[in-house]
Amino acid sequence: MGISYVEFEDEAGVLRRYRKHVNGRGLVSTTAKVDASAFVDPTAYVDPGAEVQRGAQIEHGAWVEAGAIVAERATVGVNARVGQRAVIGRNAVVGPFAVVGSEARVQNGARVPREFVVEARSDYQASGDDLRRLGLAA
8 MGISYVEFED
18 EAGVLRRYRK
28 HVNGRGLVST
38 TAKVDASAFV
48 DPTAYVDPGA
58 EVQRGAQIEH
68 GAWVEAGAIV
78 AERATVGVNA
88 RVGQRAVIGR
98 NAVVGPFAVV
108 GSEARVQNGA
118 RVPREFVVEA
128 RSDYQASGDD
138 LRRLGLAA
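Residue numbers for the sequence shown follow the numbering used here, so the first one is 8 and each next one is one higher.
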């Protein structure tokens with residue numbers, strides 16, 4: 008069986024090609040890098056140049072925009088959006104319906120609450136509870 012592709016025209020009229028990811032069948036741009044162990048829900052998208060690392064979870068309806076990085080074991084929740092060139096740290100969780108703005112950074116282990124907006128080019132820090140959950144704080 009060959010690889011099947013889906014093509015979309017973006018806002019600028021450029022034709023973009025996506026393939027179904029092996030783990031979850033979500034749509035991943037042919038220029039994105041998604042580890043085989045990552046899960047991409049069938050209703051999720053990973054845009055051109057984005058990277059999703061080992062063990063990450065991209066849940067139902069989530070969208071990882073161009074050039075963004077979702078690090079190891081991070082989770083992008085239901086209908087959450089990760090903006091262009093944003094970075095989601097290791098073991099971080101972006102809650103359902105949350106938005107991480109363009110070029111923003113979510114620290115390793117941080118938990119972005121449901122429906123929260125992380126402003127563009129800002130840093131979202133892990134709380135003491137987040138760090139204790141990971142065994143990184145006393």
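We treat Cβ as the ideally placed atom computed from N, Cα and C, and that holds for glycine.
Excluding the 5 residues flanking residue i on each side, which residues of the same chain have their C-beta closer than 6 Å to its C-beta?
i, result
"R112", "V94, D130"
"A81", "A63, I95, A99"
"I76", "E58, V94"
Using the Cα positions of residue i and residue j, report the straight-line distance between them to the nearest angstrom.
i, j, result
"V119", "E18", "29 Å"
"P103", "H67", "9 Å"
"G84", "V101", "6 Å"
"A127", "G74", "14 Å"
"A43", "A87", "21 Å"
"A105", "R92", "16 Å"
"R139", "Q114", "14 Å"
"R23", "F46", "21 Å"
"Y52", "E79", "18 Å"
"V21", "R61", "30 Å"
Kindly give me the distance between the Cβ atoms of residue i and residue j, rounded to whole angstroms, as I take these residues to be in contact under 8 Å.
i, j, result
"G33", "P55", "15 Å between Cβ atoms; not a contact."
Who does residue i pair with in a DSSP beta bridge?
i, result
"Q64", "F46, T82"
"V29", "In the DSSP output, where bridge partners are listed per residue, V29 has none listed."
Go through its chain and collect everything with a Cβ distance to residue i's Cβ below 8 Å, but skip five positions before and after it.
i, result
"Y12", "R24, Y25, R26, T37"
Exercise. Can you check the region 88 to 115 for any alpha helix (DSSP H) of at least 4 residues that lies completely inside it and give the ranges in chain order?
Key: Listed in chain order, the alpha helix (DSSP H) elements of length 4 or more contained wholly in the region 88 to 115 amount to none.
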